[in-house]
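This report concerns only the one structure given below.
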Amino acid sequence: MTDPSELAKLYGPKELKAVKAEQQQCAVRFTPCGKFLVGGGYDGLVRRWDASGDEFAELPPLSGHGGWVSGLAFHAEGSRLYSADSWGRLRAWSYADAAPQPLWETADAHNGWIHALAVSPDGKLLATCGMDRLVRIWDAATGGKLFELAGHAFDVLAVSFHPDGKSLASGDLAGIVKHWDVAAGNQVREFDARQLYLSNRLQDVGGVRSMAFDETGKMLGCGGARPKVGGNVQGVPLAVLFDWTTGMATHALEFGKDSDVYLCDFYFDARGFIVAVTSGNPGAGKLLMQEFDAKEPFFSIAKPNCHAVSRHPSGLRLAVTTVNANSNGNGRLKAADGAEEYPGNWSPIVIFDMPAPADA
Amino acid sequence: MKSNPLCKPWEHRLSRRRLLGAGAAAIGLGSLVRPAMAEELKKRQKQVLFIWIDGGISQLESWDPKPGTQFGGPFRAISTSVPGIQVSELLPKTARQMHHLALVRSLCTKDNSHSAGVARIQRGDPKNRGVTYPFFGSAVAKLLGAGESGLPPYVWVKPGSGGFIYADAGFLGPKYGALAFGDGKPPENLLRSPAVSAEDDAFRNEFRRRADRRYAQRRRGGAVEANSFVYDVAQELMKREALFDESQYSPRDVERYGSHELGRHMLKARKLLEAGVTFVKVNTYGWDTHGDNFVGHANLVPKFDQAFAAVIEDLAAGGLLDHVLVIAISEFGRTPRVNGHVGRDHWPEAWSAAMAGCGVKKGIAVGGTNDKGTWVAGEEFDIGHMFHTWFRALGVDPRQTEYENNGQPLPIAHEDCRAVEEVLA
Amino acid sequence: MWWHLLLAPCAAAILALGLPAERLSAAEPLHQAIDRLIAAQAAGEVGPLAGDAEFLRRAYLDLAGKIPAADEARAFLADPATDKRAKLIDRLLESPDFPRRMQDLFHAMLLERRGDDPHWLDYLRRSFEANKPWDVLAREILDPDPQDEAVRGAAYFYVSRLDKVGQQDTDYPGLTRDVGRLFLGVDLQCAQCHNHLFIDDYKQQDFQGLYAVFLNTFIRRDVKFPAVGENLLTKKTEFMSVFDKVPLATGPRIPGGAEIEIPAFAAGEEYRVPPDKQANQPGEPKFSPLEAIAARVATAENAAFSRNIANRLWFVMFGRGLVHPLDLFHRENPPSHPELLELLAQDIAARKFDMRGMLRELALSETYQRSGLLPAAGEAPPPASYRVALEKPLSAEQLFWSMLTAAGTPAAAPPGNEQPGDEKAGKTELDELRKRFVAAFANPPKEPEIEFSPSVKAALFVMNDPRVLGLLEARPGNLVDRLSELAGPREVADELYLSVLTRLPTDEERADMAAALAERPDRRAAVLGQMAWALVASTEFCLNH
């Protein structure tokens, strides 16, 4: 392990600016070409910003989704964007077009909320999962359903392709992770991440909220919380790391305290650490960087309710999807003039600059 | 009871003379109801199933969906068995029972905290008169009585601990408190000791009754009467031991209601209603979804849906719905806006309740909210309106009936509110 | 001041001058004055005196907290002495049962079932063993001294109320209200936000003056015993009536009293003992509002204080307050017997708040010793006329000790001195049983135990609790064992009724028992147990009549 302050100097990001998304976003991500930021919102819109410079001018949104745009996935070839929503719809776009139109649309990809979406490394397959407890595999070119992977007993919250493209992992509300053989369409084995789950009163709490493989495919990470209570969910953010070969959990990294709750998104940095964001009680959120065997993050910055983190393909920028401060509140909220206005929340997208490798 | 949150002095309008008279004459607590309940009320015992969704179910994820709007959340709305009425997709089974239900979608209440809200809603928010009003269950126990079943009039099936919850009764006195079956289990000491045979039990109680009769001669009476009453109720409960034996429930019922806590408790509630209990309260806890509201509701609401739809279907099929008033309500709804923890906060401003059965119309939705679901559109109904409505549905006229507490006359529902006539059959 | 208006002018003068007690009691003993004043307002014929058995049971329950054992009853009934009642009263007041009874009584009255704390219970027991005067006791409770090991348990009165329950805020208004109710007989609840609407005498400043004191207190977490600390009080509490919205302010004051000036200290000079952050010890301010109000509340100079305790002791013995409800002293709720209440208030102040002495006088009165049977014909006399004795509910503790006595449980021979929390062999089990009785029979927390309020829970407890039933199984030397040794049905009936109900059975009751025993001769032991159970479960047993 290296001295944390050295690591922070080497890899620690610096805040550049916040880009305002008018409506709350599930996640905002850089496209593979790095020229766009794309976000899926609570308003059924796919928003885009020009990410080629420092301005981040907003471009015309992609409309036609319903509910929340809950999943986004990209493939470099053909500038493909795949988007999924909470009403069960799945769409394909060419995101770089001036006014993109859907390349195809599948209206009932799932019965209800599609929680996550992933595209295979070769760009040929899509995997989706949802509240109908199913995982489905789609032909990325046509939107045709190839097959269905059933077996989860709870809502499936996360899905991820292994870098080899042959295996798929999916994680559910109860912390059960399944390894599927994509070609055969069957379950290979199960991983136990039940420390991410709690049955509290009537509620199933927690689950696999984020999932990623490292670039080599040796490690699978599952993010969430160690839930303490349902309702106003509380629990320490937690990443459970598995050795993909043995299927054994090697690490259970805790990030923060009970009010910090979910590890909403993360990725493995090939230089040996994890970059993660957390969102807990309204206002509580962090961007964190931590080595696997360290006790503490070497970098941490508080931002309200960080729901997603996206690395620019250059490795020189991060986009963190947050929520405005003071997002909660009870009681009658009235405008100053007494009119019955009712303010909603929005999502500042915080852009960070990363030290260039040459600086190191 | 704490004084400050409940004491709304501008509401003290009761004439001073009436209260002072009461204070001076305070002897032998116990409250009367005036007028004496009409005979016809007793003929067909009316009953209540009161489902308390503690913490606050989100109206937007249940009775008043606003899909595709700013605060509508991720879920869709679905059609129901009543054309024109839609509910959240999280209520598919209940949607098929909609023709039995009456929704009120224009509740606008006041208290924003659980501590004040739970009591305020269940007491019907009467004006402060320096007394602790009874919860609805105790009020109904008082007004409708125990009926012929011999069982206590107010039974509460709840998670956690059970016991005798006197506090609900307020000024009505402990007799009208709730007998709570914690986790649906029977009260402590329900089972007769194996050392006492049924014959012995009958013998010893007969001897006890004889002793009481003798003592009552040349005494004021009340004490023996009250003591005999609790022994009678206790003995009746012991006889109904089977009510608590879940192994005797049909597997089909268990599957339909759900093997989860709420399903089991709702099924028990149906058995208690069938056994003749006047007021059955079922509690479900854990609905205070300040965080993760949507994944939370996605697995909470379907459990409610399953148990609620099953009990409505069964009460309707058995004809019980004609005289059982069913109410499903929380202490408030949840905020339209979604906070950073993807939760919804407390929202007493515009929310919903569901009813069915005795005295209410079938298959209607009354009132509503604006297109964003933020405010009530049209007339707002407070909990006082609901108390008027419920009492009327049960055949008790809240304008003609009052409690009498040590000579202090007390209205049974907030006198500035009225019944929601549109709901009443 | 309204409470001075309540006093007859001359009585007020006596109190104000602090004339000695002899002046009041020399001419006429208090118990005779009681009878005279009750008779004067009886508005009808007073009932006859209770028989010896009836009196014996009543006095035992009130002064020893339990029924007498059969042997004691037999001896008393057989005693031909004409002064045996007075002797019994003195004997009971001197017995170790008396402090235990007082401990149980004041524990239930002051804590209202908020919880048990060994320091508190020990404090009460030791206080009553020493017959500590009420004003001293009250000052120790209102201004607890953490330094003095002998009295610091008194702080539990505050601690039990300052403790948060769940997510509720600390109930300072509730504590304010309880101090008013329990020490002064005034329930100021509705005067928090405005002058009381229906009770002219209760002013908002009465509430706020006490509230200011308690709002300044906190539970000390640095010590292992119950203790409270005080913050620095440097300015007045501001409040306004929700009616007229005129801003007002008050320093500490007791209801009806003058405002206590808040002394000013130079910065750094505020503490007697400064806070020690290292040791996590709170400081001890030079100005202690608790000390200030304790001294003003609990003193003979505060008529409301004397009147409250006189009324409460009267309630303990007679089953209702001269002012009733006990905590609604005000002009429009006058005492049923104003002169009597004043007499009692003066008397207890004059006897320096000796509660045992006052209870003795109350017990000696004919009013106390009157039969509880209603006249055979005609209407029942009004309760407040005291023409016949009123029924009183037995507390959970009275039921517990009485049940042990009735059942002749060897562990309880002689019952009476077991200290809750005592670790001695056999005592722990007994204490467990006591706790079960309290759980079954006591009111829920915060509800004063005034009325007889039987419950289904208690009925199921008596019917089915194995430990209760166990008391009525034959064990060497216990009641059922003794009964089964007796040959004749008459002897059996006499022993049973004397043991459980402290009286001999009527002929009808004897016949009933004989018939039951004859009917099931093969199950004699079981039948005896069930008949004992029936009497223990009867209303007659669970009332003091």
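First to last, the protein sequences are chains H, V and A. All you need for the numbering used here is the position in the first sequence, starting with 1, plus 5. All you need for the numbering used here is the position in the second sequence, starting with 1, plus 767. All you need for the numbering used here is the position in the third sequence, starting with 1, plus 13. Yeah, the Cβ is synthetic: ideal placement off N, Cα and C, and Gly gets one too. These figures come from a predicted structure and were not determined experimentally.
{"query": "Compare the C-alpha of F111 of chain A against each of A:S140, A:R266, A:N321 and A:R126 and name the closest.", "result": "A:S140"}
{"query": "Run down chain V in chain order and give the residues with a C-beta less than 9 Å from the C-beta of W98 of chain H.", "result": "Residues of chain V passing the Cβ test: none, with the nearest at roughly 20 Å."}
{"query": "Is D197 of chain H helix, strand or coil when you go by DSSP?", "result": "strand"}
{"query": "Who are the near neighbours of G951 of chain V in its chain, counting only those whose CB is closer than 7 Å to its CB and skipping five residues on each side?", "result": "V924, R1031, H1032 and K1035"}
{"query": "Are the CB atoms of N293 of chain A and D235 of chain A nearer to each other than 8 Å?", "result": "yes"}
{"query": "Using only CA atoms, which one of A:E67, A:P42, A:L556 and A:P93 lies nearest to G332 of chain A?", "result": "A:L556"}
{"query": "Is it a yes or a no for the region 538 to 552 of chain A touching the region 963 to 975 of chain V, going by three-plus beta-carbon pairs under 8 Å?", "result": "yes"}
{"query": "Compare the C-beta of V1187 of chain V with all C-beta atoms of chain H and state if any pair is closer than 8 Å.", "result": "no"}
{"query": "For the beta strand (DSSP E) containing A132 of chain H, list its first residue and its last residue.", "result": "L130 to G135"}
{"query": "Pop quiz: E1098 of chain V and G884 of chain V are said to be a contact at Cβ under 8 Å. What is the actual Cβ separation, rounded to whole angstroms?", "result": "4 Å"}
{"query": "State yes or no: is the beta carbon of V898 of chain V nearer than 8 Å to at least one beta carbon in chain A?", "result": "no"}
{"query": "Could one say the Cβ of L77 of chain H lies closer than 8 Å to chain V's Cβ atoms, at least one of them?", "result": "no"}
{"query": "Using a Cβ-Cβ cutoff of less than 6 Å, which residues in the same chain neighbour R843 of chain V once the five nearest sequence positions on both sides are dropped?", "result": "P834 and E856"}
{"query": "Name the chain V residues whose beta carbon is nearer than 7 Å to that of L207 of chain H?", "result": "H1027, E1028, L1029, T1051, G1053, L1067 and K1070"}
{"query": "Do you know offhand how far F300 of chain A's Cα is from L228 of chain A's?", "result": "15 Å"}
{"query": "So which of H:F357, H:K183 and H:N331 has the shortest CA-CA distance to N350 of chain H?", "result": "H:N331"}
{"query": "List, in chain order, every chain A residue whose beta-carbon is nearer than 8 Å to that of L1210 of chain V.", "result": "Examination of residue 1210 of chain V is not possible in this model, given that chain V is present from 768 through 1192 alone."}
{"query": "Let's test the definition: count the other Cβ atoms within 10 Å of the Cβ of K942 of chain V and tell me whether it reaches 16, buried, or not, exposed.", "result": "buried"}
{"query": "Please report how far the alpha carbon of L1040 of chain V lies from the alpha carbon of L816 of chain V, in whole angstroms.", "result": "8 Å"}
{"query": "Sorted by chain position, which residues of the same chain lie with C-beta nearer than 6 Å to G1110 of chain V's C-beta, five sequence neighbours on each side aside?", "result": "T1056, H1057, G1058 and N1060"}
{"query": "Output the distance between the C-alpha atoms of G904 of chain V and T95 of chain A, rounded to the nearest integer angstrom.", "result": "57 Å"}
{"query": "Among H:D209, H:D169 and H:H115, which has the Cα closest to the Cα of G222 of chain H?", "result": "H:D169"}
{"query": "Within 8 Å (strictly less), CB to CB, does W351 of chain H reach chain B?", "result": "The structure shown contains no chain B; its protein chains are H, V and A."}
{"query": "Does any residue of chain V have a CB that is nearer than 8 Å to the CB of W327 of chain A?", "result": "no"}
{"query": "Between the C-alpha atoms of V854 of chain V and D48 of chain H, what's the straight-line distance to the nearest angstrom?", "result": "20 Å"}
{"query": "Compare the C-alpha of C227 of chain H against each of H:K233, H:G176, H:A188 and H:W249 and name the closest.", "result": "H:G176"}
{"query": "What does E283 of chain A pair with, by DSSP beta-bridge criteria?", "result": "Answer is none; E283 of chain A lacks a bridge partner."}
{"query": "Does K909 of chain V pass the burial test, meaning 16 or more other C-beta atoms within 10 Å, or should it be called exposed?", "result": "buried"}
{"query": "Does the beta-carbon of S408 of chain A have 16 or more other beta-carbons within 10 angstroms, so that it is buried, or is it exposed?", "result": "buried"}
{"query": "What did DSSP end up calling A94 of chain A once you bin it into helix, strand or coil?", "result": "coil"}
{"query": "For the 8 Å Cβ check, are there 3 or more pairs between the region 1017 to 1025 of chain V and the region 923 to 937 of chain V?", "result": "no"}
{"query": "Out of curiosity, what's the CA-to-CA distance linking F238 of chain A and I51 of chain A?", "result": "46 Å"}
{"query": "If contacts are defined as beta-carbon pairs under 8 Å, then S315 of chain H and F35 of chain H qualify, I think. What distance do you get, rounded to the angstrom?", "result": "5 Å"}
{"query": "Taking Cβ positions only, does Y47 of chain H come closer than 8 Å to chain V?", "result": "yes"}
{"query": "Over the uninterrupted beta strand (DSSP E) stretch that includes G1151 of chain V, give me the two end residues.", "result": "Here G1151 of chain V belongs to no beta strand (DSSP E); instead the alpha helix (DSSP H) covers I1150 to A1160."}
{"query": "Hey, does R1104 of chain V have any beta-carbon neighbour from chain A nearer than 8 Å?", "result": "no"}
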